[in-house]
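**Student:** So that we are looking at the same thing, I have put the structure below in structure tokens.
2 protein chains.
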Amino acid sequence: MRYYPAKNDLPSPHRVNLAIEEAFREYGEGRVRMPPKIYVTFEKGDFRTMPAYLPGIGIAGVKIVNVHPENPKIGLPTVMALTVVLDPATGMPEAVLNATALTDLRTGAAGAVAARHLSPKRRVVLGVVGSGRQAAAQVDAIADVLEVTEVKVWSRTPANAEAFCRRCEGLACDTVSLEKACDADVIVTTTPSRTPVIMSEWVHEGTHINAIGADAPGKEELDPALLLRSRVFVDDPEQALHSGEINVPVSMGLFTGEMISGTLGDIVCGRKKRENRDEITLFDSTGLAIQDLAIAALVMKTGDGIDLPFP
Amino acid sequence: MRYYPAKNDLPSPHRVNLAIEEAFREYGEGRVRMPPKIYVTFEKGDFRTMPAYLPGIGIAGVKIVNVHPENPKIGLPTVMALTVVLDPATGMPEAVLNATALTDLRTGAAGAVAARHLSPKRRVVLGVVGSGRQAAAQVDAIADVLEVTEVKVWSRTPANAEAFCRRCEGLACDTVSLEKACDADVIVTTTPSRTPVIMSEWVHEGTHINAIGADAPGKEELDPALLLRSRVFVDDPEQALHSGEINVPVSMGLFTGEMISGTLGDIVCGRKKRENRDEITLFDSTGLAIQDLAIAALVMKTGDGIDLPFP
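Right, dumping it as structure tokens:
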């Protein structure tokens, strides 16, 4: 068994995007075994347990990830994660990976896969709402699959947006108002909001939106009217209904499971697609265990590991 | 974060029994957060993911454990396990433990806690059905809480029963027929059977039974008529109905959830007990994540760990 710190030897966005697309293809073909993630709550946060098995890729295991919003006050990340990888043939643990940075990368890659398939343009202005680690991961991953001519970023804290632009290497980046950030070809939303921050009237026809921030019951970033104008795709219907962008509108009776147009797996497999240049498409990402295992498999191929005695 | 190989520095049965009893007390008082374990199936086995949080003990985490019955053919254990421990205050991973031996110990300890509270005698003849690792763990744990005057062991493979007796240090141990093994004060069953091996007529009044082997849908070791003669206690009703000794009788309509007399937590908290010397009591063990966390906490206090870089 090996431990992979996975910190300074991370795979490139290009390799991660390919691996994540393959995982969604396996999902779309109905070849993965993945129960919904399980939540356990703490006083100041929660942790989620995410098991899965991808027979086509020959990997199985579990990601364990916390969300503690007050952690930054004591200098710790809000989200930290470990992935345990098992050998499907014997069940023996093969690897434990620090999955904190990998979680950002694999979520960014899902956004890139969605944007590649759903954006009607190859050259795009990218609107970024929120300026944390996931905002950066989305930009890096999308820039691998689309030509990003401009990044327009908004943060509740303007200094964070400015810092974000300074880190946006090789891309034209501007800090803008929230409304201006929505005047874009592709929008990514990465806030922890529990009330809509993106109003429907700010978003023009033909836009593709990656709704990333909502990943627990009660979280939402988008005006429900925007959902009703959009073709909504999800990573996994059960998880999305429980904790994705659609969870609050569903609980209020404004949206239903039947209104989901399909999954990212359907799109990757070619069963579903954008139907015209003018419609708004929306990818509701909750994060799947299969993404964590796909990126773990990449790291295990090339990353530096520490041998641990087992069994 | 530290990795604990947990192989040559295992806690004593006495310390484990105390820790497991404390975990069941927390459960009985309604103070634990523990979703049911989740199963993912492989071609030749499965793995189970078991998250929990024990606020009273200040520990949270997940055990990941496989069952691959064909592993011994290639020199590997059927069951191997890792436990990941998180700091409840921050969600940060604190430890990863090799939980293979710990799984045996904590299951043995649940049997000891049940036998201590439910056996009407303090000096007992112990009947052991099956002679694998779990049989040994039950004997070690029970010998800490009751005076075991004799161990009578049966195995489908007589040589295994003989080897078992040779390893039974300090206890009188004999290999016997299956029926004779059931002529005992306390019986523990630890086989992987999918059809009843213990007939009701072999078990006399006043016996306490630990039914350990059935831990997945379709497994059973006891004649359903024996269940109907017994007061049945479980570790967790939801898990027991799904995968414990009662799962097959329940699926056949021979037993129902309403017929469960209580949990081991109820017993430890004093809300439920054996009502007279003549009744047969039965503890249906499926194995709880809180047991894995309680023993992990013990090992983290005194075991040897290897420092790993995180985050």
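Chains B and X, in that order, are what the protein sequence lines are. Here the working numbering is used: position 267 in the first sequence is 267, and no number is missing along the way. Here the working numbering is used: position 70 in the second sequence is 70, and no number is missing along the way. For each residue, glycine too, the CB sits at the ideal point set by N, CA and C. Just so we're clear, the structure is a prediction, and the values are computed from it rather than from any experiment.
Whole angstroms is fine: what's the gap from leucine 226 of chain X's alpha carbon to glutamate 221 of chain B's?
**Tutor:** Here the question's residue 226 of chain X lines up with position 226 in the second sequence. Here the question's residue 221 of chain B lines up with position 221 in the first sequence. Going by the C-alpha atoms only, they are around 57 angstroms apart.
**Student:** DSSP on lysine 152 of chain X, reduced to helix/strand/coil?
**Tutor:** Translated into positions along the second sequence, residue 152 of chain X becomes position 152. Strand, per DSSP.
**Student:** Indicate whether at least one CB of chain X lies closer than 8 angstroms to the CB of proline 5 of chain B.
**Tutor:** Translated into positions along the first sequence, residue 5 of chain B becomes position 5. Interface residue, yes.
**Student:** Which residues does DSSP list as the beta-bridge partners of isoleucine 209 of chain B?
**Tutor:** Counting from 1 along the first sequence, the entry for residue 209 of chain B is found at position 209. According to DSSP, isoleucine 209 of chain B bridges with B/Ile187, B/Leu282.
**Student:** Aspartate 104 of chain X by DSSP, collapsed to three states: which one?
**Tutor:** For this step, residue 104 of chain X is matched to residue 104 along the second sequence. Three-state DSSP puts aspartate 104 of chain X in a helix.
**Student:** Any idea what DSSP makes of isoleucine 38 of chain X, helix, strand or coil?
**Tutor:** Position 38 of the second sequence, counted from the start, is the residue given in the question as residue 38 of chain X. Residue state, collapsed to three classes: strand.
**Student:** Mapping the DSSP letters down to three states, classify methionine 259 of chain B as helix, strand or coil.
**Tutor:** On the first sequence, position 259 is the one that residue 259 of chain B refers to. Three-state DSSP puts methionine 259 of chain B in a helix.
**Student:** For the segment 290-303 of chain X, which residues have a beta carbon sitting closer than 7 angstroms to at least one beta carbon of chain B?
**Tutor:** Listed in sequence order: no entries.
**Student:** Assuming glycine 111 of chain B and isoleucine 142 of chain B make a contact with CB atoms under 8 angstroms, what is their CB distance in whole Å?
**Tutor:** Counting from 1 along the first sequence, the entry for residue 111 of chain B is found at position 111. Counting from 1 along the first sequence, the entry for residue 142 of chain B is found at position 142. Between isoleucine 142 of chain B and glycine 111 of chain B the Cβ distance is about 6 angstroms, and since that is below 8 angstroms, they are a contact.
**Student:** Can you tell me where the alpha helix (DSSP H) with lysine 180 of chain X in it begins and where it stops?
**Tutor:** Residue 180 of chain X sits at position 180 when you count from the first residue of the second sequence. Its alpha helix (DSSP H) spans residues 178-181.
**Student:** Could you pull the DSSP bridge partners for lysine 63 of chain X from this structure?
**Tutor:** Locating residue 63 of chain X in the second sequence gives position 63, counting from the first residue. Answer is X/Met50, X/Thr83.
**Student:** Less than 7 angstroms between C-beta atoms, sequence neighbours within five positions excluded: which residues of the same chain meet that for glutamate 21 of chain B?
**Tutor:** Within the first sequence, residue 21 of chain B is the residue found at index 21, counting from 1. Excluding sequence neighbours, glutamate 21 of chain B sits near Val113, Val268.
**Student:** So which of X/Ala184, X/Ile212, X/Met199 has the shortest CA-CA distance to aspartate 206 of chain X?
**Tutor:** Mapped onto the second sequence, residue 206 of chain X falls at position 206. Strictly speaking, residue 206 of chain X in this sequence is glycine, with aspartate absent from that position. When only C-alpha atoms are compared, the closest one is X/Ala184.
**Student:** Helix, strand or coil for alanine 216 of chain X per DSSP?
**Tutor:** Sequence index remark: in the second sequence, residue 216 of chain X carries index 216 (1-based). DSSP places alanine 216 of chain X in coil when its eight states are reduced to three.
**Student:** Evaluate glutamate 147 of chain B with the Cβ neighbour count: other Cβ atoms within 10 Å of its Cβ, from every protein chain shown; 16 or more gives buried, anything less gives exposed.
**Tutor:** Numbered from its first residue, the first sequence carries residue 147 of chain B at position 147. Counting other Cβ atoms within 10 Å of its Cβ, glutamate 147 of chain B stays below 16 and is therefore classed as exposed.
**Student:** Taking Cβ-Cβ distances below 8 angstroms as the criterion, which residues of the segment 92-105 of chain B are in contact with chain X?
**Tutor:** Met92, Pro93, Val96, Asn98, Thr100
**Student:** What residues from chain A crowd round arginine 33 of chain B, counting only those whose CB sits closer than 8 angstroms?
**Tutor:** Absence of chain A from the displayed structure is noted, the protein chains being B and X.
**Student:** On a CA-only basis, which of X/Gly262, X/Gly265, X/Leu241 is nearest phenylalanine 255 of chain X? Give me that one, please.
**Tutor:** Translated into positions along the second sequence, residue 255 of chain X becomes position 255. Nearest of X/Gly262, X/Gly265, X/Leu241 to phenylalanine 255 of chain X, Cα basis: X/Leu241.
**Student:** Could you confirm whether any beta carbon from chain B is found closer than 8 angstroms to the beta carbon of methionine 252 of chain X?
**Tutor:** For the purposes of this step, residue 252 of chain X is taken as residue 252 along the second sequence, with counting starting at 1. No - not a single Cβ of chain B is within 8 angstroms of the one on methionine 252 of chain X.
**Student:** From which residue to which residue does the beta strand (DSSP E) around arginine 231 of chain X run?
**Tutor:** Indexing the second sequence from 1 puts residue 231 of chain X at position 231. Arginine 231 of chain X -> beta strand (DSSP E) spans 230-234.
**Student:** Where does the unbroken alpha helix (DSSP H) through arginine 166 of chain B begin, and where does it stop?
**Tutor:** The residue given as residue 166 of chain B occupies position 166 in the first sequence. Arginine 166 of chain B -> alpha helix (DSSP H) spans 158-167.
**Student:** Answer with buried or exposed for glutamate 29 of chain B, where buried requires no fewer than 16 other C-beta atoms within 10 angstroms of its C-beta.
**Tutor:** As a position in the first sequence, residue 29 of chain B is number 29, starting the count at 1. Label assigned to glutamate 29 of chain B: exposed.
**Student:** Restricting to Cα atoms, I'd like to know which of X/Asp236, X/Thr83, X/Met34, X/Ala109 is closest to valine 62 of chain X.
**Tutor:** Within the second sequence, numbered from 1, the residue matching residue 62 of chain X stands at position 62. When only C-alpha atoms are compared, the closest one is X/Thr83.
**Student:** Within 8 angstroms, do at least three Cβ pairs link the segment 93-104 of chain X to the segment 65-82 of chain X?
**Tutor:** yes
**Student:** Considering only residues of the same chain and omitting the five flanking positions on each side of cysteine 168 of chain B, which have a CB-CB separation below 6 angstroms?
**Tutor:** Numbered from 1 along the first sequence, position 168 holds the residue referred to as residue 168 of chain B. Contacts found: Val151.
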